[in-house]
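Mapping to the UniProt record's numbering: the sequence shown position 87 is 87, numbers consecutive. C-beta: ideal position from N, C-alpha, C; glycine also.
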Amino acid sequence: FPQVEAEHEEDERSEESEEESDGETEKRKGTEGIIEIENPNLVKPKNVKAKNVDIEKTTELSRREREEIEKQQAHERYMRLQEQGKTEQARKDLDRLALIRQQRAEAAKKREEEKAAKEQKKLEARK
Numbered sequence: 001f002p003q004v005e006a007e008h009e010e011d012e013r014s015e016e017s018e019e020e021s022d023g024e025t026e027k028r029k030g031t032e033g034i035i036e037i038e039n040p041n042l043v044k045p046k047n048v049k050a051k052n053v054d055i056e057k058t059t060e061l062s063r064r065e066r067e068e069i070e071k072q073q074a075h076e077r078y079m080r081l082q083e084q085g086k087t088e089q090a091r092k093d094l095d096r097l098a099l100i101r102q103q104r105a106e107a108a109k110k111r112e113e114e115k116a117a118k119e120q121k122k123l124e125a126r127k
């Protein structure tokens, strides 16, 4: 039995040492162990379990995403001001619209006068 107990103790020690070595970094081959280089292009796998996800952590937007959102917001703000007539372009559009309405009203009035004059001539010609 002493031999079996000794083997059992050795197995336990080897298991403990394996567990400790799992927590440490793996032994590197060649010059990798000597030279410590952090590769910025290295893509590390991000396997995160659903229960470990930090819900309250906000992700940073990239510069392009942030600029795209700002661009959309600026466009929406401009369109709102455009609808209210507060932008320079909207004022010009409203001035043009008022001018066109005035011209159309004058043209309609002129047509009515010409039509009335024509009717008047027809009545005078019959007499």
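Would you mind giving the Cβ-Cβ distance between residue i and residue j, rounded to the nearest angstrom? I have them listed as a contact below 8 angstroms.
| i | j | result |
| --- | --- | --- |
| residue 77 | residue 85 | 15 angstroms between Cβ atoms; not a contact. |
| residue 82 | residue 72 | Actually they are not in contact, since the Cβ atoms of residue 82 and residue 72 sit about 15 angstroms apart, beyond 8 angstroms. |
What's the gap between the Cα of residue i and the Cα of residue j?
| i | j | result |
| --- | --- | --- |
| residue 51 | residue 34 | 37 angstroms |
| residue 64 | residue 70 | 10 angstroms |
| residue 124 | residue 94 | 45 angstroms |
| residue 103 | residue 111 | 12 angstroms |
| residue 106 | residue 80 | 33 angstroms |
| residue 117 | residue 108 | 14 angstroms |
| residue 60 | residue 101 | 52 angstroms |
| residue 87 | residue 99 | 18 angstroms |
| residue 58 | residue 38 | 26 angstroms |
| residue 68 | residue 53 | 27 angstroms |
| residue 43 | residue 66 | 23 angstroms |
| residue 74 | residue 40 | 35 angstroms |
| residue 49 | residue 30 | 34 angstroms |
| residue 121 | residue 97 | 36 angstroms |
| residue 36 | residue 56 | 34 angstroms |
Return the chain-ordered list of same chain residues with a C-beta closer than 7 angstroms to the C-beta of residue i, the five sequence neighbours on each side being excluded.
| i | result |
| --- | --- |
| residue 126 | none |
- Which runs of the beta strand (DSSP E), 3 residues or longer, sit entirely within the stretch 31 to 56? none
- Let me know the alpha helix (DSSP H) ranges lying completely inside the UniProt region "Disordered" (59 to 127), each 4 residues or longer, listed in chain order. 63 to 84, 88 to 126
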